[in-house]
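In my numbering, the protein residues as written are 308 to 457. Cβ coordinates follow ideal geometry from the N, Cα and C atoms, glycine included. To start, the structure under review is shown below, and the notes come after it.
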Amino acid sequence: MTRLNAPPILIAEDDPDDAFLLRRTFVKAQVANPLVFVGDGDEAIRYLSGLERFSAHEEQPWPVVLFLDLKMPRRNGFELLEWLREQPPFGGLPVVVLTSSREPADVTRAYELGANAYLVKPSTPNDLLATVRGLVADGLVLSEPPEVER
């Protein structure tokens, strides 16, 4: 149920099974925003910077939120979050860490680096659906993105 001109949700997730489950869950939750999946932090930077296959600005609009896994190859979630917050045009992008780590040090570090929310991946599809519906109710999706010059 993608809404015409709805800003996309960027999801940095390297596990294909988790990506499939997230895609299915967003559809079940009737989220109108299109989903853009990237497999690691480097690919997320290419998307946000409009580089390589993401160079067509009209086809790759600014995301309304970034869902970020922490444990990814190449540039991990912490490194991506640190990079985002150091780049003036990307500093205001809302970031929801969605990871399997419950480690207090990971939670603390994510918030210190500027995460807006830290969620542990729910253990069942129904719990994930409830989490996504909660994010919709909180207004993290179906919102307007900030104006950004690339």
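- Look at Ala313 here: in three-state DSSP terms it is coil, with no helix or strand label.
- Under DSSP, Tyr425 shares a beta bridge with Val404.
- Per DSSP, the continuous alpha helix (DSSP H) segment holding Val414 begins and ends at 411-419.
- The beta carbon of Gly346 sits closer than 6 Å to the beta carbons of Asp321 from its chain, once the five residues preceding and following it are set aside; these are given in chain order.
- Leu436 has its alpha-carbon roughly 31 Å from the corresponding atom of Arg360.
- When the alpha-carbon of Phe344 is set against those of Tyr425, Asn433, Ala313, Leu317, the nearest one is in Leu317.
- In the structure shown, the three-state DSSP call for Val338 is coil.
- If you ignore the 5 residues before and after Arg416, its C-beta comes within less than 7 Å of the C-beta of Phe385, all in its own chain and listed in chain order.
- Here Val338 is near Val443, since their CB atoms are less than 8 Å apart.
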